[in-house]
Amino acid sequence: MRVVIQRVQHASVTIEGQVHSSIGKGYLILIGICEEDNYEDVDWLVRKIVGLRVFDDENHVMNRDIMDVNGEVLVISQFTLFASYKKGNRPSWFRAGSHEHSIPLYEAFCQRLSDQLGKPVGTGVFGADMKVELLNDGPVTICMDTKNKE
21 MRVVIQRVQH
31 ASVTIEGQVH
41 SSIGKGYLIL
51 IGICEEDNYE
61 DVDWLVRKIV
71 GLRVFDDENH
81 VMNRDIMDVN
91 GEVLVISQFT
101 LFASYKKGNR
111 PSWFRAGSHE
121 HSIPLYEAFC
131 QRLSDQLGKP
141 VGTGVFGADM
151 KVELLNDGPV
161 TICMDTKNKE
């Protein structure tokens, strides 16, 4: 699994002209899933994301996590995080997981993250054409890959 975590002041996802989900201060998380991913990857990512200390404390030092600031989370599936660009100029996505494999992992990730936060997590719709808006805060952008845990 690969994620791009962006600290935001606010974010939203619009589908077919209607706002589907929106959040205030927190994280916009783009998540890509490949066929090798499993529920252990879900658990590892949730632990890392909830414990990630990238919010400022009273001394303007990134020392607080998402729970400390009562932040919100919006999770958007994004198979393009597994783009292969080595041959030619048109990317391919042969490493991206199938819908049958990816949807249950995406749903488990969102549910486990929601359970840890003690509040609902905003989502997009898997496979939909989505318009994502955000105000990146910092900017702070962190990339994680469960195949590169060390």
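Mapped onto my numbering, the consecutive letters of the sequence shown carry residue numbers 21 to 170.
For each residue, glycine too, the CB sits at the ideal point set by N, CA and C.
Just mark G158 as buried or exposed, buried being the case when its beta carbon has 16 or more other beta carbons within 10 Å. For the purposes of this step, residue 158 is taken as residue 138 along the sequence shown, with counting starting at 1. G158 counts as exposed, since fewer than 16 other C-beta atoms from the protein chains shown sit within 10 angstroms of its C-beta.
Residues in the same chain with beta-carbon distance under 7 angstroms from Q136, minus the five sequence neighbours each way, listed in chain order, please. Counting from 1 along the sequence shown, the entry for residue 136 is found at position 116. Closer than 7 angstroms at Cβ, skipping near neighbours: V66 and V70.
Given K68, which residues of its chain have a CB within under 7 angstroms of its CB, disregarding the five upstream and five downstream residues? Numbered from its first residue, the sequence shown carries residue 68 at position 48. Excluding sequence neighbours, K68 sits near M164.
Beta-carbon proximity list for L155, same chain, < 8 angstroms, skipping 5 on both sides: Locating residue 155 in the sequence shown gives position 135, counting from the first residue. Hits under 8 angstroms: V28, Q29, H30 and A31.
Euclidean distance between Cα positions of V81 and L133: What you label residue 81 is simply residue 61 of the sequence shown in a count that begins at 1. What you label residue 133 is simply residue 113 of the sequence shown in a count that begins at 1. Distance between the alpha carbons of V81 and L133: 25 angstroms.
Local conformation of R84 per DSSP, three classes: As a position in the sequence shown, residue 84 is number 64, starting the count at 1. Strand, per DSSP.
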